[in-house]
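Chains as they are written, first to last, in the working numbering: chain V, 1 to 178; chain E, 1001 to 1277; chain H, 2001 to 2068; chain X, 3001 to 3541.
Note sheet for the following structure.
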Amino acid sequence: MAVSESDILRSEVRWAMIVGVAVAVIFAAVIYTGIELHVNPPSNIETIDPKALHLSNEFTESNLGTRVEPEGRITTRIVATQFAFDPPCVVVPANEPVTLRLTTPDVIHGILVTGTNVNTMIVPGYVAQVHTVFTKTGDLLMPCHEYCGLGHSQMWATVRVVPRESFRPDAEGRVACD
Amino acid sequence: MSVESEAEDRPWQVRASVIVVAIVVVAALLGFVVLPVVQGRSAGVDAFSAICRALGLQAGSPAVRQPVSATRAEPVSLVAWTEEVIARLHNPNEENGSDLAANICASCHGADGVSPDPAFPHMAGQSAFAIYKQLHDFKNGARGNEIMASVVEQLDDEQMADIAAHFAYFTKGALDPTTPVTNDPAIVRLVERGITARGLPACASCHGAHAGGPIETPTLAGQRHEYLAAQLRAFAKGERRNDIYHRMRDIATKLTDSEIEELAAYYAGIGLYQRIK
Amino acid sequence: MLFLLLGRSALAGKTRSEDTGLSQADLDTVMEEVPKGALALSASAVLLLLCGWFFVYFFIFVPRGTVG
Amino acid sequence: MTSVARLTKAHLWIAFAAFLVACVFGIWQMWARSPLATPYVIAEHYFLSVTAHGVAMAFVLTTFFIMGFGYFTAETALDRPLPGKPWAWAGFFLAVAGTLMAVAAILSGQASVLYTFYPPLTGSPFFYLGLVLVVVGSWIWCILMIVAMREWKGAHPGAPVPLAMFATVANAIMWLWTTVGVAAELLFIVIPASLGWVDTVDVGLTRTLFSWTLHAIVYFWLFPAYIAFYTMAPQAAGGRLYSDMMGRLTFVLFLVYSLPVGLHHLFMDPEHSTGFKFVQMSLTVLVAVPTLLTVFTISASLEIAGRLRGGRGLLGWIPALPWDRPMVLATGLSFVMLFFGGGGGLVNMSYGLNALIHNTSWVTAHFHLIFGGTVVIMYFAICYAIWPRLTGHEAGTQDAQRLQLWLWFVGMMIMSLPWHWLGLHGQWRRVAQFDYTNPIIAAWGPWVTTSLVGGILLFASAVVFVWNLAALRADRKAPVAPFAFATAVHQPARVPASLNGFGLWNVLVLVLMIAAYGWPIAQFFVLQPPHAVVHRVDRGG
């Protein structure tokens, strides 16, 4: 006997329910890791004037790099500029919460750190911020991953992840490569 | 063969709208309330702040407290490209600019911006931004040079802008960056391609014809050999430090002495041509 | 999936004109089986996708450290 | 031959000329990124090439193909002459003029800002104005499609609009919504900057407006492929479309959900909050639904064909299908690429997980598989299907067509699967050359070289494709059967009014766009973030 139109629709609805379950499972995993592991995309609506960035207190040249702040938190500040990072090498400890703060005086840049989940766009006008924990030690590559002009391909820096015991801040709390 | 009437279609419209809106509402509740509040609680961020952060009304992640910094600025240059400065450079007082240039600048840098003495740089071909930045830095001590400091001492910001715009207008498009006289492949490579392994971008990525680099980037084509080499050495030694965020200091320290010499020769060898006016 | 596509059917030579003679009776007969095969195929594809996603999420992403 | 044959062919030839040129640029870019010595690699050339490749593939190939195919569909599916044909030609010439303007700007090195623009980098105004003309040409197409459907409905009161046309109009309406974002970005911010009228721009706002367009534009490209899945593949396989209703629902879902999701391209951006990113992620998940519905409906349609041809058992209908027919073969290969491309897409859209792969080769692999694979292979199949009707020539043999489709599929897999691996290992995008002396990068060498081999196969396939189209002119002139779109198992006698027009869905799009993009755009006007100085790439020295 012939299959009716409603039979067809019923099979489609059944399939749609399977799809719904698959989608819900992904959704649930995202929410679960959001709650348990605090996984979010890096977001930080904090504005800063790119035209006067070098006149700002926080992103003045001498304040760049890694610093253990007086309250004990580790913050690494990096400026992305055409076509280099300042500083070109930063040190961070392994298995400790680290906050990376990045911004730019000129155009759009972006970074990732190979082998980690550190990844953010750097948009002029904003401070990009990534909270993370580095899980492996070694010299990692931190390239600019967003087209920023003709020198883009040569724009990269090094992130030196060191064991906690080799991470020795100076009197001001700063740690630098070399 | 017919499409249902409006009345018959009403349930469809209602059902579709309810589903679409309900999904948005659930997503918003999760994204703006549940996730931030739960994340904030374990990070020591109060519920109100966490929700504000999730909405974008406050800076920071709902899951982490914001870091603080108590450092004071130590700027290497006081020039900021604010809308006002840019506007002034676009709309200078031309008469003022040419008078000042004739009286103050011409003896060393030439009446038309082409310097008669190898020790002094040409102004020809420079943009108003490039000249203004250096004048301002000389005046404020960001770039050390006794002669220039005394020359610009008496000038205010507007006068410096007028001078800068004067030279830029006078020699607009006056340089041909495509005709080098040196053809050392290693140097051409440095200029055109850079060296990724050494973190050296191509010189042309800022100083080339279609670069899109920082607006204060000076034109190197046709510049004085002695001047270029001296500046690169000064950057390398940290004697000159008015390039914000080490843009040139980083590059110059990575160059060898002979590369500096050859690069200076390369750029000096690119000719001046078809001067406007 | 790929090897199935590679296998050329013995019936592949049939021309278009033969298809147009599709009878309602034939259609009714095959519709008793359809969409069992489609369901099996699409469900396994979705299941595979889900497994792949979970693998990437929990065995590559999470071990590389948290982000936020 | 149809009366729009010349119009359609004109559009398709422009599309595929751009496509062939773009393939050349693409292969050279892969070569430059590989460890092999490559000629002409300097940054200016490389980024000129990336810009040309992107513009040719994403703007020229797609827009012209969709317009040409739309005119064909309007006449064939509605079985009446296209209204306003002079306007269609006007749109065509406008788009051609725009393309030429953009090409001139790109080739003179004055627009190396890639096809995604990246202000405050700013190229020549000719580049942007040229692209605006292409879009305006496509708007004329949109209006003609809507008018064609209206007139047909007037002549057939109460009858369901044929699915192929319903889908085409869904795409036209979606495209009108889609282009609002990029049009606002170009007209109010980027073009004034390129003309020197303003010296600073709000970068966050430009990125947000572009993101409005950036995801939906992909669905604009995708629609013809789905139209082929629903209305051509079942017919070509010798079966029936399983459900006409699901087709309508799928196209409507694309219209509704491809727009309020663009923020997922900005997951890693600092100028948007986690809350709005989460909401748009949730809506993005729903874009997967129409695709998964399609996979089932089309599988079922092919299952009908396979079983009619004697296929037995649970999966026996698959080998029974006529894989020698280009449309069937392309559909199968397209689904395989959709599986991998869609899987990559699920990773991209999963909120924080995006950090793993954002701006790595993984993303490049994803959109090459989805667009270059799933979609473009169907463009090929559509051409093979409609070309005889446009030219009055039937191909003597389809061997070259099958070879071309297989080459494209194999090339695409060889090229893009290594890119996924490289992306997971952090290979980043948009670089001219890698430093293979770095130990981290050295390990990538063999994979990059492998993908280059895929690129070579793709280029070979592109050449065979254009040759196939050209050869059809020379092939035997034969009476060509009138073009027929697939019919459904139950051709709908009645459809809900909501699935025969777009009134309801336009309202829902508006509601969703206000919810998803209202504050994310308004915040820039409330917050007044500092602007960035325009960096011009068309002047220098």
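Note that beta-carbon positions come from the ideal geometry of N, C-alpha and C, so glycine has one too.
- Around the beta-carbon of Pro-3081 (chain X), fewer than 16 other beta-carbon atoms lie within 10 Å, marking it exposed.
- Remark: C-beta atoms of Leu-1078 (chain E) and Gln-1159 (chain E) do not approach each other more closely than 7 Å.
- Here Met-3145 (chain X) really is in contact with Gly-3070 (chain X); their C-beta atoms are around 6 Å apart, less than 8 Å.
- In the assembly as shown, Tyr-1132 (chain E) is a buried residue. Its beta-carbon has 16 or more other beta-carbons within 10 Å.
- Neighbourhood of Ala-128 (chain V) in chain H, by CB distance below 9 Å: empty, with the nearest CB roughly 12 Å away.
- Taking a cut-off of 8 Å on C-beta distances, the segment 3043–3057 of chain X touches the segment 3099–3112 of chain X, as three or more cross pairs fall below it.
- Contacts with chain V (Cβ-Cβ distance below 9 Å) from the segment 2019–2052 of chain H involve Gln-2024, Leu-2027, Asp-2028, Met-2031, Glu-2032, Val-2034, Pro-2035, Ala-2038, Leu-2039, Ser-2042, Ala-2043, Val-2046, Leu-2047, Leu-2049 and Leu-2050, listed in chain order.
- Restricted to the segment 3420–3508 of chain X, the alpha helix (DSSP H) segments that are unbroken, complete and at least 4 residues in length are 3439–3442 and 3445–3474, listed in chain order.
- Against chain X, the beta carbon of Ser-1061 (chain E) has neighbours under 9 Å at Thr-3274, listed in chain order.
- Listed by position along chain X, the residues whose Cβ is nearer than 7 Å to that of Glu-1083 (chain E) are Asp-3199 and Thr-3200.
- If you compare the alpha carbons of V:Gln-129, V:Glu-58 and V:Gly-173 with that of Ala-1070 (chain E), the shortest gap goes to V:Glu-58.
- At a Cβ-Cβ threshold of 7 Å, Leu-3133 (chain X) and Leu-3094 (chain X) count as neighbours.
- Within the segment 3214–3262 of chain X, complete alpha helix (DSSP H) segments of at least 4 residues are found at 3233–3237 and 3244–3257, given in chain order.
- By the CB criterion at 7 Å, Phe-1235 (chain E) and Gly-3275 (chain X) fall outside the cutoff.
- For Gly-138 (chain V), the enclosing beta strand (DSSP E) stretches over residues 138–143.
- Judged by their CB atoms, Gly-3091 (chain X) and His-3011 (chain X) are not nearer to each other than the 7 Å cut-off.
- Within 10 angstroms of the beta-carbon of Cys-1206 (chain E) lie 16 or more other beta-carbons, which makes it buried.
- If only complete runs of 3 or more residues are kept, the segment 1178–1241 of chain E shows no beta strand (DSSP E) anywhere.
- The C-alpha of Thr-3294 (chain X) lies about 12 Å from the C-alpha of Ala-3228 (chain X).
- In this structure Ala-1202 (chain E) touches Leu-150 (chain V) by the C-beta definition: roughly 7 Å separates them, less than 8 Å.
- With contacts defined as CB atoms closer than 7 Å, Asp-3244 (chain X) and Ala-3488 (chain X) qualify as a contacting pair.
- Taking a Cβ-Cβ threshold of 7 Å, none of the residues of chain X is close to Phe-2059 (chain H); the smallest such distance is about 11 Å.
- Cβ proximity to chain H below 9 Å picks out Gly-115 from the segment 103–115 of chain V.
- One alpha carbon belongs to Ser-3211 (chain X), the other to Leu-3186 (chain X), and they sit about 13 Å apart.
- With fewer than 16 other beta carbons inside 10 angstroms of its own, Pro-163 (chain V) counts as exposed.
- Annotated three-state conformation of Thr-1071 (chain E) is coil, per DSSP.
- Leu-1200 (chain E) is classed as buried because its beta carbon has at least 16 other beta carbons within 10 Å across all chains shown.
- Among the CB atoms of chain V, one or more fall inside 7 Å of the CB of Val-2067 (chain H).
- For the 7 Å CB-CB criterion, Ala-3088 (chain X) and Val-3060 (chain X) do not form a contact.
- Taking 7 Å as the cut-off between beta carbons, the residues of the segment 25–59 of chain V near chain E are Ile-31, Gly-34, Ile-35, His-38, Asn-40, Ser-43, Asn-44, Ile-45, Glu-46, Lys-51, Ala-52, His-54, Leu-55, Ser-56, Asn-57 and Glu-58, in sequence order.
- With contacts defined as CB atoms closer than 7 Å, Asn-3500 (chain X) and Gln-3401 (chain X) fail to qualify as a contacting pair.
- Just measuring C-alpha positions, the residue of X:Arg-3429, X:Pro-3326, X:Arg-3430 and X:Met-3413 sitting nearest Gly-3455 (chain X) is X:Met-3413.
- Taking 7 Å as the cut-off, the Cβ atoms of Gly-3247 (chain X) and Leu-3338 (chain X) do not count as close.
- Trp-156 (chain V) sits in a strand when the DSSP states are folded into three classes.
- Among the CB atoms of chain E, one or more fall inside 7 Å of the CB of His-3535 (chain X).
- Contact between Leu-3259 (chain X) and Val-3509 (chain X) holds: their C-beta atoms lie close to 6 Å from each other, under 8 Å.
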